[in-house]
Structures are given as structure tokens and as C-alpha cells.
Amino acid sequence: MVKVRFAPSPTGHLHVGGARTALFNWLFARKNSGKFVLRIEDTDLQRSSQEMSFEILNALRWLRLEWDEGPFYQSKRLHLYRRMAERLVEEGKAYYCYCTKEEIEERRKASGKGRAWKYDRRCLHLTEEERKKFEEEARPKAIRFLVPEGMTEFEDLILGKVSVKNQDIEDFVLLKSDGYPTYHLSVVVDDHLMKITHVIRGADHIYNTPKQILLYKALGWEPPLFAHLPLILGPDRKKLSKRHGETSVLAFKQKGITSLAMVNFLAQLSWSPGEDRDFYTMEELVERFSLEKVKKSNPVFDLDKLAWLNSRIISSMKPEDLWEEVLPFLEEKIRKRAEERKEWVFRVLNLIKERSRDLREVGEKLERYLVRDFQYKEDALKKHWKPGAKEGLRRLLEEYRALEPFNAQTAESSLRNLAEEMGVKAASLIHPLRVALLGERVSPPIFDVVEVLGKDEVLLRIERALEELPD
RNA sequence: GCCCCCGUCGUCUAGCCAGGUUAGGACACCGCCCUUUCAAGGCGGCGGCAUGGGUUCAAGUCCCGUCGGGGGCGCCA
């Protein structure tokens, strides 16, 4: 059975790259009727935090990437990693290293090789006396993996064959001197114990894979299959990071991006179902997903496309669903008022969803329908509140007062008749009416607004405008 | 510095594996139509196979070089 995992380290927000990795794992699991495991890699004491773990969980829930097992915290499984590291030492496949970080740094510098320098295996060749001395001094010791000679290869499901000369790999640390495992150890132990079949992760891990395969072999375990996803780049073609602006997925949530837009956007970075469609439901994405269709090249993160997807998804949503999504963007007072007349709110949502880019906008617009004492917007007054506007509205108010039945059709013909009577264009009544009803420069078709607000509200809003707005 | 990967409109991509297309779609941008406004929608425009060579009757598709971009080389994950 297929089993995959998402294994973030809680050292920061869940950023778009991480979310994309989680999404692809989730899609792969669902597509293959497998399991999706969530594991928190909190073995870096300094940088990990509980709050970040919770936030990551939250972000995954928002994206609707529900996990089948976990979350497992590596900080609670330390004994497992230690035992395996000790075992490797006993078997001569790893060794204790007493070198301190400073000593290593010194030797690295002295070698003149800079980054090309590899650990010199000094502690592998320690004499019995030297070892005893270090032990008596109670020097902290780490455990290093003894990289064997040869060549390590694997078939990446996305990139194809990857091979590395073992001589390019240094004797990496398995267990830090503080007793905590490094990434390589914990990830291999856990992936094996959790019976992970496919490791799908970012391409920045590509050269960790040979190290980990070596570890699997040393422990006598069968390695899983690997798939490395291309990295998401910023507009300047550099690896996406904070300098490109907001990269935390929850920040997008706060900006009013729907999770479906986020998911579609992420899914279609370096992957395409090859159809002439703009977006899909989660189920449709699952149906179409396949690792073979993942490209090797790095995609660029394009905010415009996300924003557009979001606006299209919002306007395609059923008002009931849109309502749920807008809730967090409404003030308590407004929310309560809306709850009392849900059916009516749905009608309003149907009117405004078409021209909203994000959920914040939907919330702001909805509010104008729910409260009468909204602010008249400056740009609206500037553009549509011209001399003579008031006189027209005054006459329109009289017409509307007498109008029965009062609906979009009757309101429109009434207004048009009045315009003709006054010898003005209908627009010169329509625009002031828009300002009076909603205080905005733009709105849905105004007679639809008139109908949804209802006669009483329309009259009250016109009266308010006549009272408060200048001539 | 050393090792590796990638390269189709500005961006996301289809086409490449199994050579023969007027190189298709979408975002963005620009026009026009619709229209009371703004969107949406419709129509049209702009714009691309990084580059040089080779193989071939034929190359975006196969091979090599160059250039450009990315990644990795931690007691971080």
C-alpha cells in the first residue's frame, strides 16, 4: 500500500513551498488510495517551537489536506534514533566523534578548500589512549556515519537517474553531541518504521537522498522510492523567500484567498493535467494527479495568477459555501445581523461574488448591504455626485414612494420614465442612485441592488443621501 | 571552488519519451463588442521553442558544445 508523509520542521510558518510539497503528497496518497502521514521534525531544539507546529497543522487544515496518521513528533521518539545510531557504532558502520564544531571549523579553514572540505575522519583513527583521554575528560561526542566506498544511485520518479560518488559525501553526523539525531538519521528511521513507500519532497533534498540510501543499506532496510519536486522561484528567479513578500500560506488566507484557489495555484506549479481548464475541485485534482506529469524545471510564483484564480473561484461558488468562507472576514456585529437573514444574505452574495477578487472584498461589500450608515466613498462622490444629482434623486424618491409593486423591472422603467420626463439621460439618475444606495463607485446592476434591498431600505437610503450629501 | 539538475510567449503551461502542428491554452497587457458603473463574457491583438553546431528528406521534439538559471556541498531540516 502506498504511504507518504509530509514532514515539516516547526521552525517557521508553513510557506508556499512546504504547502506545495504537502499537497503533492496528499494528492498522491489519495490518488493511489494510500495513507498520508504527518510528522513534525522538531529535533532542532533551538529553532523549533510548539506554536509553529500548531500553526502548520492549522494551515494544512485550511488547505483541506487531512492526514491519516499523526502528527508524530520526533522529539518524542528520540530513544529510537539513539538506539539505531548505537547499533551502527557497534556494527562498525558509524563511529564516535569527539571533535567540536570549532575544531572542525578551524581545520576546514586551514585546508583552504572552503566548502569542499570534508570531515577528515580524525576520530575514526583515534588510538585507544586518545579515546580514553577524551572519555575521561567527558568530552561530548557525536556519532558519525562511516561512508563506504563506491557509488550510490537511485531512480528519482521525477528527475530520473541520480548518481553520486560516495567519495563526495563526508562522514555526516547521525547523532549530535547533545544526543539529538540529525535530520538524516531521524528521517530514515521514521520513514522505515512508519513504512513510508514514497518520499516526495523538494528538490533541495536531492543530495540528501544518497546519504539516506546509504543509511538504509547500513541498517539493512529497503529504501523507499523518491520523487523530488522542482523548487518554486520568486519573480527574480531566485528561490522563493521572504524577500519576495509574503510566503506564508496563512498570510494568503488572511488576504482573503480561498483555500481552493491556493490549492489549484500550487497544484499547477510544475504540474499540469494537460487540459484546457482553469481550476478543479479537490476531487478532480486527485483523479488527474500523477507524478509522471510533474515537470523538472522550476516554476515562478505569480501573484497575478493566484489573484485571478481566486476571483474566478469566488464567483463560481455557491452562496452557502461562500458564506462559510466569508465569515472570518466579518465583524461580530455584522455577522450576527447576517445570521438573522441568511437567505437574503445569500441573494446578496450572488450579486457581489462576480466582482470580488478576494474574500475581504466580499466581506466589505456585504457589509454595505447590511448596514445603512456606511461611509460614502470619496471616489464615488467625485465621479457620480455631480450638481443636479440631488434634484434627480429627490424626484426619484417621490416616484419610488408611490411605486407598487416594487421590483427590479418596475424600478427600472420608473426611473427611465422619469429621466425622459426630465430630459436627462438615465445614467444621470442611475449613478447618484448607486452612490445613495451603496456609497460606492461601482456595484452590481443597480436595479438588482434596488430589488434585493427592498422598497423601505431603498427609500431610507435615498433620504439619508439627500440629507447628508452636498448639493 | 567542486558536484549535479533545468531551459517553449513577461509568467503558468500543452506539445518532447514514440521527429512532419499555421507551436495550442491561461494570467498579465492593449483594442473592440455587450453595458447604467465595475466585473464577467465574446471577438481580436501583442508575444515564445536561450544559442551554435550535428543527425535527418524533415528538429521545439534526438545528440554535443556554449550561454543563462537553479540546487547541493552543516553537530539546519
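Numbering (this note's numbering) for the first sequence: 9 to 479. The beta-carbon is built from N, C-alpha and C at its ideal position, and this holds for glycine as well.
Only counting the same chain, and skipping five residues up and downstream in sequence, which positions put a Cβ closer than 6 Å to that of residue i?
i, result
"Gly26", "Pro16"
"Tyr188", "Thr51"
"Ala419", "Phe455 and Val458"
"Leu446", "Arg376"
"Phe382", "Arg376 and Gly447"
"Lys11", "Gly42, Lys43, Lys203, Ile204 and Thr205"
"Asp479", "Lys398"
"Leu132", "Tyr103"
Between residue i and residue j, how many whole angstroms is the CB-CB distance? I'm expecting something under 8 Å.
i, j, result
"Lys361", "Ser323", "5 Å"
"Leu239", "Lys246", "Contact doesn't hold; Cβ gap of about 10 Å is too wide."
"Arg285", "Lys385", "With a Cβ gap of about 37 Å, Arg285 and Lys385 do not count as contacting."
"Tyr103", "Val197", "Not quite, the Cβ-Cβ distance comes to about 18 Å (not below 8 Å), so this is no contact."
"Thr266", "Glu333", "6 Å"
"Phe309", "Leu258", "16 Å between Cβ atoms; not a contact."
"His21", "Ser256", "4 Å"
"Ala315", "Arg365", "6 Å"
"Leu182", "Leu96", "7 Å"
"Ser319", "Val302", "Incorrect: roughly 27 Å between the Cβ atoms, too far for contact."
"Leu71", "Ile166", "Contact doesn't hold; Cβ gap of about 22 Å is too wide."
Skipping 5 residues on each side, what residues in its chain have a beta carbon closer than 7 Å to that of residue i?
i, result
"Leu467", "Leu405, Tyr408 and Arg409"
"Asn174", "Val155, Pro156, Glu157, Gly158, Met159 and Thr160"
"Asp164", "Val170, Phe234, Ala235 and His236"
"Arg343", "Leu335"
"Ser451", "Arg442 and Val457"
"Asn415", "Glu459"
"Glu99", "none"
Could you work out which residue in the options is closest to residue i when comparing CA atoms only?
i, options, result
"Pro327", "Phe273, Lys350 and Glu144", "Lys350"
"Val460", "Leu378, Ala118, Arg472 and Asn425", "Leu378"
"Asn306", "Glu254, Leu258 and Gly210", "Gly210"
"Ala435", "Glu412, Gly122, Gly396 and Ala473", "Gly396"
"Lys225", "Leu426, Val12 and Met92", "Met92"
"Gln126", "Arg116, Thr135, His133 and Leu227", "Sequence check: residue 126 is Lys here, not Gln. Among Arg116, Thr135, His133 and Leu227, the Cα nearest to that of Lys126 belongs to Arg116."
"Lys341", "Ile112, Leu374, Gly264 and Glu114", "Leu374"
"His192", "Gln58, His213 and Thr255", "His213"
"Gly400", "Ala388, Phe414, Ala427 and Glu412", "Ala427"
"Lys390", "Arg442, Val432, Glu74 and Trp70", "Arg442"
"Glu475", "Lys398, Arg403, Glu145 and Leu46", "Lys398"
"Pro5", "Gly282, Leu73, Lys463 and Met9", "Past the boundaries of the shown model lies residue 5; the chain is included only from 9 to 479, so the question cannot be answered."
"Arg13", "Arg38, Val24 and Ile208", "Ile208"
"Phe142", "Ala416, Arg251, Asp128 and Thr108", "Thr108"
"Ala473", "Ala37, Asn425, Trp393 and Arg69", "Trp393"
"Arg36", "Trp352, Glu412, Asp329 and Ala275", "Reading off the sequence, residue 36 comes out as Phe, not Arg. The candidate whose alpha carbon is nearest that of Phe36 is Ala275."
"Phe180", "Asp186, Leu222 and Arg139", "Leu222"
"Pro413", "Asp464, Ala388 and Leu68", "Asp464"
"Leu227", "Lys261, Pro478, Trp75 and Glu94", "Glu94"
"Leu73", "Leu86, Lys140, Arg38 and Lys304", "Arg38"
"Tyr194", "His87, Lys313, Trp34 and Phe162", "Position check: residue 194 holds Ser in this sequence, whereas Tyr was assumed. Closest by alpha carbon: His87."
"Lys263", "Phe297, Asp244, Leu311 and Asn415", "Leu311"
"Glu520", "Trp75, Asn415 and Arg85", "Nothing about residue 520 can be read from this structure; the chain reaches only from 9 to 479."
"Met325", "Ser298, Leu299 and Leu367", "Leu367"
"Thr185", "Gly462, Ala146 and Glu283", "For the record, residue 185 in the displayed sequence is Ser; it is not Thr. Per the Cα distances, Ala146."
"Gly371", "Gly100, Ala346, Ala388 and His133", "Ala346"
"Arg130", "Trp70, Glu111 and Gly431", "Glu111"
"Leu477", "Lys433, Ala388 and Lys121", "Ala388"
"Leu68", "Met430, Pro453, Lys261 and Trp352", "Lys261"
"Leu75", "Met430, Trp34 and Phe297", "The sequence shown places Trp at residue 75, not Leu. Comparing Cα positions, the closest option is Trp34."
"Phe162", "Glu144, Glu230 and Gly122", "Glu230"
If you drop the 5 nearest sequence neighbours on each side, which residues of the same chain put their C-beta closer than 8 Å to that of residue i?
i, result
"Leu317", "Ala269, Asn272, Phe273, Asp286 and Phe287"
"Thr19", "Asp52, Arg55, Ser56, Ser57 and Met60"
"Glu348", "none"
"Ile470", "Leu401, Leu404, Leu405, Tyr408, Leu441, Ala444 and Leu445"
"Arg251", "Gly242"
"Ser249", "Gly242 and Thr255"
"Glu178", "Lys126, Tyr127 and Val155"
Does the ligand FMN have even one heavy atom less than 7 Å from the beta-carbon of residue i?
i, result
"Asp381", "Only the bare structure without any ligand can be found here, which leaves the ligand FMN out of the picture."
query = Do the stretch 50-68 and the stretch 12-31 meet, that is, are 3 or more Cβ pairs less than 8 Å apart?
reply = yes
query = Just checking, does the stretch 284-300 make contact with the stretch 325-341 on the three C-beta pairs under 8 Å criterion?
reply = no
task = Evaluate the contact criterion for the stretch 399-415 versus the stretch 351-363: three or more CB pairs, one atom per stretch, below 8 Å.
result = no
task = Could you name each continuous beta strand (DSSP E) segment of 3 residues or more that falls completely within the stretch 152-215, going from the start of the chain to the end?
result = 159-164, 168-173, 181-183 and 206-210
inquiry  = With a threshold of 8 Å, are at least 3 pairs of Cβ atoms found where one atom belongs to the stretch 195-212 and the other to the stretch 78-91?
reply    = yes
ask   = Looking at C-beta atoms only, is the number of pairs between the stretch 165-185 and the stretch 217-224 that lie closer than 8 Å three or more?
value = yes
inquiry  = Would you call the stretch 138-152 in contact with the stretch 92-106, where contact means no fewer than 3 C-beta pairs closer than 8 Å?
reply    = yes
query = Which ranges does the beta strand (DSSP E) cover as unbroken runs of at least 3 residues, wholly within the stretch 206-278, from first to last along the chain?
reply = 206-210 and 233-237
query = Can you list, in chain order, the stretches of the alpha helix (DSSP H) that have 4 or more residues and sit fully within the stretch 429-478?
reply = 435-446, 454-461 and 463-476
Within the stretch 362-426, ranges of the beta strand (DSSP E) (whole runs, at least 3 residues) = none
ask   = Which runs of the beta strand (DSSP E), 3 residues or longer, sit entirely within the stretch 61-147?
value = 77-81 and 102-105
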